[in-house]
Amino acid sequence: MRIPIWGVVCTRASTPSWPPRGSLEAWMGLGVVREVRFLVGGPQGSGLETAAQVLTVAYAMEGYRVYSTREYFSNIKGRHSYINVRVSHRQAWAPREEPHVIAAIDAETVLTHFREAAPGTVIVYDTAASKVGPDRVPSMEREEKARVKETLSRAGYPASVEGAVRYAEAELGARPLPLDYQALLRSLAGELGIPATRARRFLNTIPLAAIASLTGLELDALRAGFERRFRGRQGVVEGNMKLAEIVYDTVASAGLRGALKLEPPPEGPSEYFIVSGNDVVAMGKVAGGLRLQTYYPITPAADESFTLEAHENLEADGESLGGVVVFQTEDEIAAISAAIGGALAGARAATATSGPGFDLMVEALGWAGINEVPVVVTLYQRGGPSTGMPTRGSQQDLAAALFSGHGEFPRIVLSSGDHEEAFYDAIKAMNWAERYQTPVIHVLDKFLANSIVTLPPPSLEGVKIDRGLLAANPGPDYRRFDKSGGPISPRAFVGQEGVVMWYTGDEHDEYGHIDEDPVNRLRMHEARMRKLELAAEEIPEEGERAILYGDGGDFLLVGWGSVKGAALEALETLRGEGLRGAYLHLRVFEPFPSGYVSEVLSSYPPGRVIAVEASYNAMAARLVAQHTGRRIERFILKWTGRPIYVGELARAVTRIVEGGSVREVLTYGA
Amino acid sequence: MVLRMDYRTDVWVDWCPGCGDYGILTALQKALAELGLKPWEVAIVSGIGCSGKTPHFIYANGVHTLHGRAIPFATGLKLARPDLKVIIDGGDGDLLGIGAGHFVALGRRNLDVTVLIHDNQVYGLTKGQASPTLPAGVKTKALPKPNLQDAVNPIALAVASGYTFVARAYAMDVNHLKELIKLAVNHKGSAVIDILQPCVTYNDLYTTEWYRRRVYKLDSEPGWDPVVRDPSEREEKASRALEKAREWGDRVPVGIFYWDQTREPFEERLARRIPSYLDSPPALQPIERGGAPVVDAERLKRIFSGYLVRRRR
């Protein structure tokens, strides 16, 4: 039986805009030649992020699309951090190997990344570090030191930056661009009339400007990037620009200025948001009506709450649209409990966390389940178990999202594959939570959280706020859990005039009072569980709970979350090599799109269906088997905590489809 | 169920005959009635255990939460609807054992809610284990061996945590408790009342008899003035409250230990940052018009303009 429900399901943009639906072919073929990839690395805290931001803004203002993803340790200052950036004619959604530039602030960057060089890769490094070897870099992990030394000694090069650069040049075809960083800074100090020690704070501008110069970015474009980043701090802008001019001249005298010049960008949107995954979820939540966000600090979720707090006053051109209360709690148990409390009062409420915090929230999640509370948990997966690798990524927490907690209660679990999906999913999560009066877990990961893209401002045309079934004129005899009209009870809010209600974690009667009568239990438990069946009836499987990109071909990749970007680009790469495949992108895991997934899988031989996941167990593949009875028997897995790169994925697919491999483990990335 | 202004429900009260909880329930119902609050203006939020059932016996919004978590549930409710009167009922194990972290955090915030601690020194519903307020070395009848852990001092902990209204009451003196509840509910900030109560089934040491001979009212003490009227008095009054909190034995004081009327409640701190907060709190803001988001695409761009870049060419 379908019960009448108010409102409309948020269907707009359930189908993401990229690649355009049904035109995978059209999206493909642009190729990756109109792109520059660079890797910039240095110690954590050395201004790498600032450098990447300046470049991202500068390229975006020129009309290029930028993707950047950051790798870092759980450390404040000193450990090796690096950012992979792709500047392209179309938006990239995953990292790709073979950087055109490796720009190093320090010796460790060269020693860690020289093996990633490809023919033509320009390696920008500091000549002062030439003699530094792995043993003089205390922040390098001992396994990495041993590997570097072995690679270099086996090929007959000294174990130093100089040896690494020579190796990259001779063995891999790289082009060294040695710069004397101290001399450049001394020139700057001279020009600005400041002591050399003060010029040191501009250090990160050297690799930044070298990249800009190599890629042919005009100085005025770079200036625009600095002005944006250092708005109102003209002295900093001028200092940076002065140094950039010095670096540009040096690169020019090495004959490399514009050596990697990008073709002018195609026509495109006139403006972009430059956003991380964390930022874009915060934006979706604001548009979707979130007004209470609770959190306890945890990587990689906390930045979402920071973004919300920075915009807590919803002001647009002097017009106040209210405010979002962002509340830092004493722990994650309090975070979800307070979010639930806010939801009981009728606020759209959510909390954002990562695995360890989610574990603490589980008891309260069950409380929200039995009390039919619309609360949203945004879960950013990182490398587990336990503290695991807190700043690295994974897709290991799907089972936790789906099955954690004692007892049975309905929950909706959805996941996003890119920033655009994440924006609309944040809205959808809140709509579904209220429509089905149950917790919704929105699963993301560190890869998405910490990657930054150029996103055209999302349209909200057709997006609906669906508050679900609300009680019309509730009076003194209001029954919060009235099931006479179906499994979803008309909702009133705590504090609503003329009405009171009770909630309890115990099984309860229609008023919310404790009731262990077996017939009451039979009815109440069934009504709650049936809400999921209702969701399954209302939310389309094809296009909304799972999306098929491409069709037919020699193989089918099955993945979810941020696998999407790498999978689609790998399909394109493979197509260029004559291997044709499709990608089935799983979006909603509860209620699972069993019928549609079964149908898609049925058109491929079992040996040509490949699960791609950033985990050891490939949980999504197990869910496919559980729900459809179809076992996936080929796997491409990665659990190093580093993102899946396009090239390694394409090669792994080839080994399975053409080489007969059944399981490929990916390892690319330092 | 019909609308009742006496704050009673027709749910059968299933506490043991003679339980101190009856005194607390009666005092709370009378206090709410005398305060003239409407049932929908009040939310009673409880944890787990015998005290956790309190909301079901009161005709007002009732939220019976998880063990130890009444404070954070209540906090979210209050943040979303700062105009609600939120009263937290929890046991000593609930608020000072499993939920002790939340108890401390609430004091730091001075959120305008009231905490009632049902303090009977035992975990009743699980058959009499020692609670965090049971002194070391004593053996109540359900304990197989004397208690090894020292008691926490709820009054001292509350003062140290920053609660701005700290009182103790005795559950069997309903009128005194009722008056304290009224003061606590009207106080602007985090208020706590540590309510001593017998557990007639499991605590054979701290009985009605034991308390009757020892309890005295701080009001009767010449010169006792716990009220901070100016921030400069905080240190001295808090020190005196801590000293008084240590008195336990032949004489057990009840009444107000510390009452700071000068510290800004959390809601006002929030309102200084979000000017619309008190008039338009999270639960009362319109978020859609005709189903469309109030924050439409244009407004979203303006709110997040710091992220927006325009193409130069």
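Protein sequence lines correspond, in order, to chains C and S.
Note that my numbering numbers the first sequence so that position 117 is 117, with each residue one more than the last.
Note that my numbering numbers the second sequence so that position 114 is 1114, with each residue one more than the last.
Positions of the beta carbon are idealized from the N, C-alpha and C atoms, including for glycine.
No experiment lies behind these values; they were computed from the predicted model shown.
Beta carbon proximity, residue i to chain D, threshold 8 Å
| i | result |
| --- | --- |
| residue 1040/S | Given the protein chain composition of this structure (C and S), no chain D is represented. |
Collapsed DSSP secondary structure at residue i in the structure displayed
| i | result |
| --- | --- |
| residue 1110/S | coil |
| residue 431/C | helix |
| residue 593/C | coil |
| residue 205/C | helix |
| residue 1181/S | helix |
| residue 636/C | strand |
| residue 1175/S | helix |
| residue 178/C | strand |
| residue 145/C | helix |
| residue 114/C | helix |
| residue 1041/S | helix |
| residue 91/C | coil |
| residue 1266/S | helix |
| residue 1225/S | coil |
| residue 389/C | strand |
| residue 1302/S | helix |
| residue 1273/S | helix |
| residue 303/C | helix |
| residue 1242/S | helix |
| residue 701/C | Any answer about residue 701/C is impossible in this case: the structure gives chain C only from 1 up to 670. |
| residue 226/C | helix |
| residue 84/C | strand |
| residue 653/C | helix |
Enclosing alpha helix (DSSP H) for residue i [first to last residue]
| i | result |
| --- | --- |
| residue 181/C | 181-192 |
| residue 1022/S | 1020-1035 |
| residue 169/C | 161-172 |
| residue 571/C | 563-576 |
| residue 59/C | 48-62 |
| residue 628/C | 619-628 |
Opening and closing residue of the beta strand (DSSP E) in which residue i lies
| i | result |
| --- | --- |
| residue 1255/S | 1252-1260 |
| residue 613/C | 609-613 |
| residue 38/C | 35-43 |
| residue 447/C | Run containing residue 447/C: none in the beta strand (DSSP E); it sits in the alpha helix (DSSP H), 446-449. |
| residue 1207/S | Neither: residue 1207/S is in no beta strand (DSSP E) and is coded neither H nor E. |
| residue 555/C | 555-560 |
| residue 1191/S | 1191-1196 |
Residues near residue i by beta carbon distance below 7 Å, same chain, minus five either side
| i | result |
| --- | --- |
| residue 452/C | 56, 68, 274, 275 and 276 |
| residue 1200/S | 1016, 1018 and 1019 |
| residue 54/C | 208, 225, 226 and 229 |
| residue 594/C | 627 and 628 |
Cutoff 6 Å; reference residue i; Cβ partners in own chain excluding five residues on either side
| i | result |
| --- | --- |
| residue 124/C | 103, 177, 207 and 210 |
| residue 458/C | 423 |
Contacts around residue i, its chain only, beta-carbon distance under 8 Å, and the 5 residues preceding and following it disregarded
| i | result |
| --- | --- |
| residue 1296/S | none |
| residue 1150/S | 1135 and 1136 |
| residue 119/C | 172, 173 and 174 |
| residue 656/C | 555, 610, 634, 636, 662 and 664 |
What residues from the stretch 344-355 of chain C come within 8 Å of chain S, judged by C-beta to C-beta, listed N to C? For the stretch 344-355 of chain C, the beta-carbon criterion of a distance under 8 Å to any beta-carbon of chain S is satisfied by 344, 345, 346, 347, 348 and 349.
Which of the residues in the stretch 477-499 of chain C, read from start to end, lie with their CB under 7 Å from any CB of chain S? Listed in sequence order: 477, 493, 494, 495, 496, 497, 498 and 499.
Could you give the uninterrupted runs of the beta strand (DSSP E) lying entirely in the stretch 248-286 of chain C, keeping only those of 3 residues or more? Qualifying beta strand (DSSP E) stretches, in chain order: 271-276.
Could you list the residues in the stretch 1253-1276 of chain S with a C-beta less than 9 Å from some C-beta on chain C, going in chain order? Residues of the stretch 1253-1276 of chain S with a C-beta less than 9 Å from any C-beta of chain C: 1270, 1273, 1274, 1275 and 1276, listed in chain order.
Of all the beta strand (DSSP E) runs that stay within the bounds of the stretch 1044-1096 of chain S, which reach a length of 3 or more residues? Every beta strand (DSSP E) stretch that sits fully inside the stretch 1044-1096 of chain S and reaches 3 residues is listed by chain position as 1061-1064 and 1085-1091.
Quick check on the DSSP output: what are the complete alpha helix (DSSP H) runs of length 4 or more inside the stretch 481-553 of chain C, in order along the chain? For the stretch 481-553 of chain C, whole alpha helix (DSSP H) runs of length 4 or above, ordered along the chain, are 518-538.
Determine which residues of the stretch 542-576 of chain C have a Cβ less than 8 Å from any Cβ of chain S, and write them out in chain order. So the list is empty, because no residue satisfies the distance condition.
Chain S contacts from the stretch 247-280 of chain C (Cβ-Cβ distance under 7 Å): The stretch 247-280 of chain C vs chain S, Cβ under 7 Å: 270, 271, 272, 273, 274, 275 and 279.
Could you run through the stretch 455-469 of chain C and flag, in chain order, every residue whose CB is less than 8 Å away from some CB of chain S? So the list reads 457, 458, 459, 460, 461, 463, 464, 465, 466 and 467, given in the order they occur along the chain.
Using a Cβ-Cβ cut-off of less than 7 Å, list which residues of the stretch 1114-1142 of chain S approach chain C; keep chain order. Close to chain C, meaning a Cβ-Cβ distance shorter than 7 Å, is no residue of the stretch 1114-1142 of chain S at all.
Enumerated in chain order, which unbroken segments of the alpha helix (DSSP H) with a length of 4 residues or greater are wholly contained in the stretch 1136-1171 of chain S? Contiguous alpha helix (DSSP H) elements confined to the stretch 1136-1171 of chain S occur at 1154-1161, taking only those with 4 or more residues.
Enumerated in chain order, which unbroken segments of the beta strand (DSSP E) with a length of 3 residues or greater are wholly contained in the stretch 334-364 of chain C? For the beta strand (DSSP E) assignment, the uninterrupted runs of no fewer than 3 residues enclosed by the stretch 334-364 of chain C are, from N- to C-terminal side, 348-354.
Give the residues from the stretch 287-298 of chain C that approach chain S closer than 9 Å (Cβ to any Cβ), ordered along the chain. Hits within the stretch, in order: 287, 288, 289, 290, 291, 292 and 294.
Contact set between the stretch 1054-1065 of chain S and chain C, restricted to residues whose Cβ is under 7 Å from the partner: Within the stretch 1054-1065 of chain S, contact with chain C at the beta-carbon level (separation under 7 Å) is assigned to 1055, 1056, 1059, 1060, 1061, 1062, 1063, 1064 and 1065.
Chain C contacts made by the stretch 1068-1083 of chain S, where a contact means CB separation under 7 Å: Listed by position, the residues of the stretch 1068-1083 of chain S near chain C (Cβ gap below 7 Å) are 1069, 1072, 1073, 1074, 1075, 1076, 1077, 1079, 1080 and 1081.
Compile a chain-ordered list of the residues in the stretch 311-335 of chain C whose CB is closer than 9 Å to at least one CB of chain S. Along the stretch 311-335 of chain C, the positions whose C-beta sits under 9 Å from a C-beta of chain S are 311, 312, 313, 314, 315, 316, 317, 319, 320, 321, 322, 323, 324, 325, 327, 329, 330, 331, 333, 334 and 335, read in chain order.
Mind listing which residues of the stretch 1291-1306 of chain S have their C-beta closer than 9 Å to chain C's C-betas, in chain order? Residues passing the 9 Å Cβ filter: 1291, 1292, 1293, 1294, 1295, 1296, 1297, 1298, 1299, 1300, 1301, 1302, 1303, 1304, 1305 and 1306.
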